[in-house]
Structures are given as C-alpha cells and as structure tokens.
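Below: one structure, written as structure tokens.
Number of protein chains: 2
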Amino acid sequence: MKVKRTLQDVEKKIIAFFLKNGRMPSYSEITEIIGVRSKSVAHFWVAKLLDAGVLQKDAKGFLTLTRNPRALKLAGEVCAGFPASAEEEIRDIVSFDEYLVRNPESSFLLSVTGDSMIDAGIREKDIVIVETKKEPGDGDIVLAEVDGNWTMKYFCRKGKTVTLEAANPKYSPIIPRADLRIAGVITAVIRKYHK
Amino acid sequence: MKVKRTLQDVEKKIIAFFLKNGRMPSYSEITEIIGVRSKSVAHFWVAKLLDAGVLQKDAKGFLTLTRNPRALKLAGEVCAGFPASAEEEIRDIVSFDEYLVRNPESSFLLSVTGDSMIDAGIREKDIVIVETKKEPGDGDIVLAEVDGNWTMKYFCRKGKTVTLEAANPKYSPIIPRADLRIAGVITAVIRKYHK
DNA sequence: TTGACAATAGAACGATCGTTCTATATCATA
DNA sequence: TATGATATAGAACGATCGTTCTATTGTCAA
Numbered sequence: 005m006k007v008k009r010t011l012q013d014v015e016k017k018i019i020a021f022f023l024k025n026g027r028m029p030s031y032s033e034i035t036e037i038i039g040v041r042s043k044s045v046a047h048f049w050v051a052k053l054l055d056a057g058v059l060q061k062d063a064k065g066f067l068t069l070t071r072n073p074r075a076l077k078l079a080g081e082v083c084a085g086f087p088a089s090a091e092e093e094i095r096d097i098v099s100f101d102e103y104l105v106r107n108p109e110s111s112f113l114l115s116v117t118g119d120s121m122i123d124a125g126i127r128e129k130d131i132v133i134v135e136t137k138k139e140p141g142d143g144d145i146v147l148a149e150v151d152g153n154w155t156m157k158y159f160c161r162k163g164k165t166v167t168l169e170a171a172n173p174k175y176s177p178i179i180p181r182a183d184l185r186i187a188g189v190i191t192a193v194i195r196k197y198h199k
Numbered sequence: 005m006k007v008k009r010t011l012q013d014v015e016k017k018i019i020a021f022f023l024k025n026g027r028m029p030s031y032s033e034i035t036e037i038i039g040v041r042s043k044s045v046a047h048f049w050v051a052k053l054l055d056a057g058v059l060q061k062d063a064k065g066f067l068t069l070t071r072n073p074r075a076l077k078l079a080g081e082v083c084a085g086f087p088a089s090a091e092e093e094i095r096d097i098v099s100f101d102e103y104l105v106r107n108p109e110s111s112f113l114l115s116v117t118g119d120s121m122i123d124a125g126i127r128e129k130d131i132v133i134v135e136t137k138k139e140p141g142d143g144d145i146v147l148a149e150v151d152g153n154w155t156m157k158y159f160c161r162k163g164k165t166v167t168l169e170a171a172n173p174k175y176s177p178i179i180p181r182a183d184l185r186i187a188g189v190i191t192a193v194i195r196k197y198h199k
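Protein sequences appear in the order of chains A and B. Just add 4 to the spot in the first sequence (first one is 1) and you have the numbering used here. Just add 4 to the spot in the second sequence (first one is 1) and you have the numbering used here.
Have a look at this one:
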C-alpha cells in the first residue's frame with residue numbers, strides 16, 4: 005500500500021496541526037504528522053512549501069503560515085454571474101477577531117433582548133459588541149440605562165440636548181434626566197443561524 | 005529611574021508579543037521584552053504566570069495562553085442592573101473565527117446589496133457568511149439565482165414543492181423552474197459600525 | 001535495461017531551547 | 001539597623017532545535 009505524498013497533503017497536515025495546537029509544528033513534529041522517519045524529509049517538504057509561498061519565515065527564522073487558515077474569501081458586492089465567473093476575482097480576506105474588535109479590553113458582548121432596535125435590523129438573540137470607553141456620537145447606537153433598565157437606543161444629539169430614540173415606533177423618544185448612564189457604544193452586530 | 009515590574013506588566017508584554025508575532029515568545033525573547041538580562045528572570049516570572057493560571061503548558065511542554073487574548077466577555081441576557089453588579093457573573097468567551105465559521109474551506113463572505121431580506125434584519129452593506137456544500141432546509145436563508153441574478157431568499161419547502169420568498173412584501177414569492185441554482189446557505193450576518 | 005530525477009533515510013553539526021543552580025542586589029518590615 | 005522575602009544576574013546542564021551532508025530507494029521516461 006504505497007501512498008503518494010503531495011504538496012497539498014503536507015500543507016493540509018501542517019495547517020491541521022496549527023489549528024489544533026495554536027502553533028506551528030517543529031521539523032520533528034512535521035516528520036511525525038506526514039509519516040516519515042527522517043527530519044531531513046520534513047525539511048525537504050517545508051522547503052517546497054516555502055518555495056510555493058504557502059509558508060514563510062519571520063524575522064527570527066520561525067515558520068509561519070502565509071495566510072490565516074480560518075480567513076474567508078470576500079466576494080465582491082456585485083452578485084451577478086456569481087459564482088461561476090467570479091472564482092478568480094475573489095479576494096480580500098478577513099479575520100473576524102481582528103475585523104470586529106478594535107479594543108478587546110474595553111469591549112464585551114451582549115445577547116440582545118427586546119425589540120427596541122428592530123427597525124435598525126437588531127433583533128432578539130442577536131449578539132452585539134459593546135465598546136465602553138468610547139464617546140457616543142450623534143446617530144450611534146448605545147447601551148443606556150432607561151428607567152432602571154439597560155436597553156439599546158439611538159443616541160441623538162442636537163446642539164446641547166440629547167435624546168434617546170428607539171428604532172421602533174412602539175417606543176417614544178426619551179429626554180434623559182441629569183443622570184444619563186451610557187454603558188457603551190454598539191460597534192457591531194452578529195447573528196448566527198444553525199446553532 | 006527604577007521601574008517596578010508587576011505580574012500584569014509581564015502578562016501584557018507576553019500577550020502583546022503573541023498578538024504581534026502569532027506565536028509565544030521563547031524564554032530568551034521574554035528576557036528581552038520584559039527588559040532583563042538573564043533567562044532565569046524570565047523563568048521566574050513565567051513560573052508566576054503559570055501559577056496564576058494565565059499561562060499553560062501543552063502536552064509537549066510549550067507555553068500557551070490560557071485564554072484567547074482577543075476573546076470578549078459575554079454578558080448575560082438580563083441587562084437589569086448591568087454593569088455595576090454583573091462584573092462577577094460575566095463569563096463565556098468566544099473567538100469569532102471559530103464561533104462563526106464551521107467549515108472555512110466551503111464558506112465565503114458576501115457584502116449584501118438590495119433589500120430583499122430587510123424584514124429578516126439583513127440590510128444593505130451587511131456581511132453574510134455563505135456556506136456552500138450545505139443542504140438548505142425549510143426556513144433557511146439561501147443565496148439563490150433568480151432571473152439571472154443572485155439574491156437572498158427564504159428557502160421554503162412544503163412537501164415536494166420549493167418556493168423562494170423574500171423577507172420584503174415588495175417582492176412576490178417565486179416558484180423556481182427546474183434549474184434552481186443555490187450557491188449556499190447563509191449561516192451568519194455581521195454588521196459593523198464605525199468603519 | 002538503463003539513466004535521471006524525486007523521495008526517503010540516517011547521521012552529524014552548532015545553536016538555541018527550557019531548566020536549574022549559586023550568588024548578589026533590592027525592598028519592606030520589625 | 002537587622003532580617004527575611006523578593007527580584008535579578010550569570011553560568012551551566014542535557015535536550016531539542018534547524019540545517020546540512022551522504023547514501024539509499026523509488027519512479028518514470030528514453
């Protein structure tokens with residue numbers, strides 16, 4: 005039972021190791037995961053992957069993946085003709101952790117309850133990212149305390165007066181008393197189907 | 005000018021190194037980044053961080069971070085009283101890359117155009133994750149070809165008949181002809197404010 | 001069959017790894 | 001000031017690192 009080793013096989017196994025262990029394998033470990041008995045064979049294949057641009061070496065000579073294996077392709081805005089022809093034009097990749105969160109230390113997540121922002125496309129059970137330590141501006145969606153409860157509202161500033169408005173005609177605008185408490189600004193909304 | 009070194013300082017510098025380089029520093033590198041001249045000092049502080057549970061060692065003895073430094077706290081669903089009292093109850097952290105994408109290889113991103121799913125809370129310029137190689141079920145939102153254009157619709161199966169319905173009264177339900185083409189199932193919606 | 005090339009094995013090299021030791025310097029508190 | 005705890009320095013250890021070498025095996029085309 006002879007197995008032909010291909011460049012893609014080796015790449016997949018190294019990426020699998022990275023995803024599982026959170027770090028790149030050493031040459032000894034590559035020797036194990038590709039199923040050979042000599043480190044020089046691992047070196048042989050890694051040299052090929054370096055040549056192919058799949059792997060890189062950082063300033064200290066450590067192996068790194070050229071691309072984040074969890075990143076996704078971002079198709080263009082124009083859907084027409086997709087996906088038959090667009091396979092080539094697809095580009096721009098994103099790591100959500102970096103894309104969505106600017107300041108991890110001053111941010112937290114909140115599972116949405118209620119329908120106060122339904123017309124802004126924020127629905128029950130959505131997850132929002134709330135960034136504290138961020139000054140709310142006119143039109144921002146904020147997490148604010150209203151009547152002793154925390155809720156999401158549009159932050160509307162007209163001159164010196166501030167009003168909190170829901171994105172739902174059910175609720176009336178609120179002109180807060182002196183003790184306006186704002187926990188943070190909503191910087192992103194995430195909704196996941198198929199839990 | 006004497007600087008007092010604290011456990012938090014060392015932790016921050018190690019996390020900063022990890023975020024910048026995508027890997028954990030060696031003891032020699034820790035020696036550099038915390039500004040001392042002996043590896044044993046790095047070992048001294050790492051031992052403290054291991055003791056404090058900030059760092060771990062994996063099966064092979066490599067240092068790893070106990071928690072993903074990009075992960076965010078998830079506040080409970082009940083907002084009442086937040087955030088004064090909830091600081092202690094906050095738990096459950098998430099890495100979006102892992103949370104949102106199950107199969108990176110068969111998924112891609114799409115910037116939404118049009119308003120066909122507005123009543124489902126999917127708006128123009130939102131980003132959706134489309135998973136190909138996933139069988140659509142009744143009620144799923146799919147990316148489908150309608151009249152030569154790709155658009156998002158509810159996938160509705162009643163017995164053997166399939167209809168595509170928009171979440172917008174402007175558009176009528178569609179009973180597709182034989183050549184129903186579905187690119188994939190929408191598994192998540194992402195909206196980011198404050199680009 | 002033969003020759004050329006690709007792939008694997010195994011051994012060896014210096015360099016760096018993580019660890020551990022002793023010794024010194026600094027600080028807080030009695 | 002004296003004392004113990006904390007923090008830093010420096011040297012040394014075996015183990016593993018990445019690299020490089022020679023030698024052998026396997027594959028495919030001439």
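Each residue gets a CB set at the ideal place from its N, CA and C atoms; glycine is no exception. As the structure is a computational prediction, the values presented were derived from the model and not from experiment.
| Query | Result |
| --- | --- |
| Taking residue 31(A) as part of the alpha helix (DSSP H), name the residues at either end of that continuous run. | 31-37 |
| Return the chain-ordered list of same chain residues with a C-beta closer than 6 Å to the C-beta of residue 83(A), the five sequence neighbours on each side being excluded. | Note that residue 83(A) scores a pLDDT of 46, beneath 50, so its modelled location is shaky and nothing firm can be said. |
| Show which residues of chain B have a CB atom less than 7 Å away from the CB atom of residue 25(A). | 62 |
| Quick one: give me the first and last residue of the beta strand (DSSP E) that residue 109(A) is part of. | Segment: none, residue 109(A) is in no beta strand (DSSP E) and carries neither H nor E. |
| With a threshold of 7 Å on Cβ separation, who are the neighbours of residue 32(B) within its own chain once the five nearest residues in sequence on each side are excluded? | 43 |
| The alpha helix (DSSP H) spanning residue 25(A) covers which residue range? | 11-25 |
| List the residues of chain B that residue 99(A) touches, going by C-beta distances under 8 Å, in chain order. | 101 |
| How is residue 115(B) classed by DSSP in three states: helix, strand or coil? | strand |
| Quick check on this structure: which residue in 188(B), 193(B), 34(B) and 138(B) has the alpha carbon closest to the alpha carbon of residue 53(B)? | 34(B) |
| Please state the DSSP three-state secondary structure of residue 66(A). | coil |
| For chain B, find out if any of its Cβ atoms is closer than 8 Å to the Cβ of residue 174(A); answer yes or no. | no |
| Using a Cβ cut-off of 8 Å (strictly closer), state whether residue 18(A) contacts chain B. | no |
| Report yes if the C-beta distance between residue 111(A) and residue 78(B) is below 8 Å; otherwise report no. | no |
| Use the C-beta contact count for residue 135(B): other C-beta atoms within 10 angstroms, 16 or more gives buried, fewer gives exposed. | buried |
| According to a CB-to-CB cut-off of less than 7 Å, which residues of the stretch 180-192 of chain B neighbour chain A? | 187, 190, 191 and 192 |
| Between residue 9(A) and residue 63(A), what straight-line distance do the alpha-carbon atoms span, to the nearest angstrom? | 30 Å |
| Quick one, which residues of the stretch 41-62 of chain A are near chain B if we go by CB-CB under 8 Å, in chain order? | 62 |
| Rounded C-beta distance between residue 138(A) and residue 193(A)? I'm assuming under 8 Å. | Not quite, the Cβ-Cβ distance comes to about 16 Å (not below 8 Å), so this is no contact. |
| Per the contact definition of three or more C-beta pairs closer than 8 Å, is the stretch 120-128 of chain A in contact with the stretch 117-128 of chain B? | yes |
| In three-state terms, what does DSSP make of residue 142(B)? | coil |
| According to DSSP, what are the bridge partners of residue 153(B)? | 150(B) |
| Give me whichever residues DSSP pairs with residue 189(A) in a beta bridge. | 135(A) and 146(A) |
| Which of helix, strand or coil does DSSP assign to residue 122(B)? | helix |
| At the level of alpha carbons, what is the spacing between residue 198(A) and residue 145(B)? | 11 Å |
| Is it a yes or a no for the stretch 22-30 of chain B touching the stretch 172-179 of chain A, going by three-plus beta-carbon pairs under 8 Å? | no |
| Taking residue 150(B) as the reference, which of 168(B), 160(B) and 59(B) has the closest Cα? | 168(B) |
| Where does the unbroken alpha helix (DSSP H) through residue 164(B) begin, and where does it stop? | Premise fails: residue 164(B) is in no alpha helix (DSSP H) and is neither H nor E. |
| Can a CB atom of chain B be found closer than 8 Å to the CB of residue 177(A)? | no |
| Hey, does residue 66(B) have any beta-carbon neighbour from chain A nearer than 8 Å? | yes |
| Quick one: using the 10 Å Cβ neighbour count with 16 as the cut-off for buried, is residue 174(A) buried or exposed? | exposed |
| Step through the CB atoms of chain A and report whether any lies within less than 8 Å of the CB of residue 74(B). | yes |
| Span of the alpha helix (DSSP H) holding residue 104(A)? | 100-104 |
| Quick test of your reading: residue 72(A) and residue 99(A), contact by CB under 8 Å. State the CB separation rounded to the nearest angstrom. | 5 Å |
| Quick one: Cα of residue 36(A) to Cα of residue 28(B), how far? | 22 Å |
| Take residue 14(B) and list the residues in its own chain whose beta-carbon comes closer than 7 Å to its own, dropping the five residues that flank it on each side. | 38, 49 and 53 |
| Name, please, each residue of chain A whose Cβ falls closer than 9 Å to the Cβ of residue 194(B). | 100, 103, 104, 192, 193, 194 and 195 |
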